[in-house]
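Notes for the one structure printed next.
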Amino acid sequence: MTGWTAAVRRCPKSMLHGPCAGVGAAGACEVPDVGPCAFLNVDAVDWPYEHPGRAAPPWRATKPPVVIADVPAAALDVESLRTVGALLAGSVDAGLTGDHGLARVQFPPSYRVRLLAEAGLPTWAGLNCRDRNRVALEGEIAACIAAGAAGLHCVTGDHPARGGRPDAQAVFDLDALGLVRLAAHRGVAVSVAHAPATPPTAIRLPRVLAKAAAGADTVFVDHCGGPSQVTDATAALRAAGFGGDVIACVPVVTDLESAQVLLSFAAGLVPAGYVESVLDATDRRAAGVAAAVELCRAMLAIPGVDGVDLSGGTQPGREIVSAEALAEIGRAVHASVCEPA
Ligand code: SF4
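Plus 61 on top of the position in the sequence shown (first one is 1) and you've got our numbering.
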């Protein structure tokens, strides 16, 4: 048994292609009381990933950048999805439906795609391996595509111990890479997450390249510090030969509620002083919108970056306020950097 195989057996999510992005800054597993992440001390020779070093093909630099926004709709709420979708439609290119630790019970991804499409918003549907086995995921992928999904974002997903439904049995029949294999080559974009600042950082690039080799054509670069760190991560992806789209996550904070949500998963991974400057402003909304637009411009000026994802979240009751701010940011970014339609 190699060190890697032993780590897979110890991992609470049985990840064949670990480690996940839930590794804490000090190396702790995302699941409480497990101790260090099982993959941290595996020898490099046991990694199942090839190291980068291929020639870089040119990426498509002539197309207009893409602006995607997390969809801040309330869970299990048809009217909220329709209202938020209508607010974002026309202001951003697509809405990303993701996962929220305190709202684990959601409509199926394909139903959210359908509702948002009816509101005029193309959807990039988030799929995770926590709640569905490979058979259910295969059906969900087909349903998302039939409902008109613009893309499928494939992640392993947080362990249920981390969030609002710790009573649920974890599935993890697949991990993100296995999910990519199911979703790829079906006529829609397939994206994955890249966490270059999350330990063990040495394995992050080979791991995301393995996801690309499995069929992912789009990489979302998670919060990892700011434009300098995204520049390095993107340059490394391009130098390693990744020719698909690179989407940089941009933190959005427009009030105390959104700041609290962002810091719950990205503390220490956003530009220094970014959140504080918004919270210290007299008009937090205006300051937050301006800061996000400026950061989007900086990200889109990075060679090799194809788009941004307006990332964050909000708290119950603030969904409309959040969607309005995201729409304003999307319009401003499009107006300043995108080609006219
Ligand atoms: S941090 Fe993630 S990959 Fe590492 S042991 Fe825990 S669940 Fe597995």
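All residues carry an ideal CB built from backbone N, CA and C; glycine is no exception.
By DSSP's assignment, C90 forms no beta bridge with any residue.
Rounded to the nearest angstrom, the Cβ distance from D219 to R191 is 7 Å, consistent with a contact under 8 Å. Counted as a single uninterrupted DSSP element, the alpha helix (DSSP H) harbouring T144 occupies residues 139–149. Here A277 carries a coil assignment [DSSP, helix/strand/coil]. Pairing G212 with V241 gives a Cβ-Cβ distance that is not under 9 Å. The DSSP-derived three-state label of V369 is strand. With 7 Å as the limit, the residues whose C-beta approaches a heavy atom of ligand 1 more closely than that are R71, C72, P73, K74, M76, G79, P80, C81, G83, V84, C90, E91, V92, V95, C98, A99, F100, H220, in chain order. Looking at the backbone, the Cα of P312 and that of G224 are separated by about 21 Å.
Within the model, the alpha-carbon separation for L198 versus K124 is close to 32 Å. When the alpha-carbon of G349 is set against those of V336, P170, L361, the nearest one is in V336.
D160 is positioned such that its CB atom lies closer than 9 Å to that of G187. C215 is bridged by DSSP to L188.
T292: member of the alpha helix (DSSP H) spanning 288–300, first to last residue.
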